[in-house]
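Each remark here refers to the structure printed beneath this line.
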Amino acid sequence: MSFLKTSQIKSPWLMHFDCGSCNGCDIETLACLTPMYDVERFGIINVGNPRHADVLVVTGTVNPRNAQVLKNIYEQMPTPKLVIAVGACGCSGGVFRDAPNVIGGVDKIIPVDVYVPGCPAKPEAIMDAVVTGLAKLKGILEAS
Ligand code: SF4
171 MSFLKTSQIK SPWLMHFDCG SCNGCDIETL ACLTPMYDVE RFGIINVGNP RHADVLVVTG
231 TVNPRNAQVL KNIYEQMPTP KLVIAVGACG CSGGVFRDAP NVIGGVDKII PVDVYVPGCP
291 AKPEAIMDAV VTGLAKLKGI LEAS
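Residue numbers (my numbering): 171 to 314.
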């Protein structure tokens, strides 16, 4: 059961999880919170507890060491929820996809709603993905 109401859809709480990135996409994700981009002016808040998060932003590739952690975080989030895969690594495994210790992109483990390409992904594209995802979340809430 979600605590979200359609009237609150403009201020989602977001959690960022680094699966196994080179930190390039993490830096771009964190840049969204800096005064340069100031994503909080849209009511989007970064939280550290998956039980409080409506949106999960994942950077990096999935590997055998972090796959279960990713799944646990996803399962602890209330429904409905959004997952955004950030960067080529999060989308498909990127340049590491053929590495022996890499499973692949985020969607190998959990469902992904929005994919943000790029190496690294740009802050503008990450913010656009959140807005795109919110429209989807709003549709789910209105239908329920
Ligand atoms: S997509 Fe590029 S910048 Fe982002 S984590 Fe992968 S290698 Fe690093």
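Idealized CB from N, CA, C, for every residue including glycine.
(request) Have a look at N236 and I243 and give me their C-alpha separation to the nearest angstrom. (result) Our two residues, N236 and I243, have alpha carbons roughly 11 Å apart in a direct line.
(message) Please tell me whether, using a cut-off of 7 Å, the distance from the CB of C202 to the nearest non-hydrogen atom of the ligand SF4 is below it.
(response) Because no heavy atom of the ligand SF4 lies under 7 Å away, the Cβ of C202 does not count as near it: no.
(request) Rank I215, D298, L240, G190 by C-alpha distance to the C-alpha of P287 and give the top, closest one. (result) Looking at I215, D298, L240, G190, the one whose alpha-carbon comes closest to that of P287 is D298.
(message) DSSP three-state label for D224, please.
(response) Three-state DSSP puts D224 in coil, outside helix and strand.
(request) Measuring alpha carbon to alpha carbon, tell me which of K180, P270, K292 ends up nearest G213. (result) Taking only the C-alpha atoms, the option nearest G213 is K180.
(request) Could you tell me if E198 is buried or exposed, where buried requires 16 or more neighbouring beta carbons within 10 angstroms of its beta carbon? (result) By the neighbour-count rule (16 or more Cβ atoms within 10 Å), E198 is buried.
(request) Could you name each continuous alpha helix (DSSP H) segment of 4 residues or more that falls completely within the segment 188-268, going from the start of the chain to the end? (result) Those alpha helix (DSSP H) runs which fall completely within the segment 188-268 and span 4+ residues are 194-201, 237-246, 257-262.
(message) Can you look up S172 in the DSSP assignment and give me helix, strand or coil?
(response) Below a pLDDT of 50, predicted positions are generally treated as unreliable, and S172, at 47, falls in that range; no measurement from the model is reported.
(message) Could you pull the DSSP bridge partners for M185 from this structure?
(response) Under DSSP, M185 shares a beta bridge with L226.
(request) Just the C-alpha distance for R267 and D196, rounded to the nearest angstrom, thanks. (result) Roughly 18 Å separates the two Cα atoms.
(message) Going by DSSP in three states, G309 sits in which element: helix, strand or coil?
(response) Three-state DSSP puts G309 in a helix.
(request) May I have all residues whose beta carbon comes closer than 6 Å to any heavy atom of the ligand SF4, sorted in chain order? (result) Those residues that bring their Cβ nearer than 6 Å to a heavy atom of the ligand SF4 are S191, C192, G194, C195, T229, G230, G257, A258, C259, G264, V265, C289, P290.
(request) May I ask you to report which of helix, strand or coil DSSP gives V272? (result) Three-state result, V272: coil.
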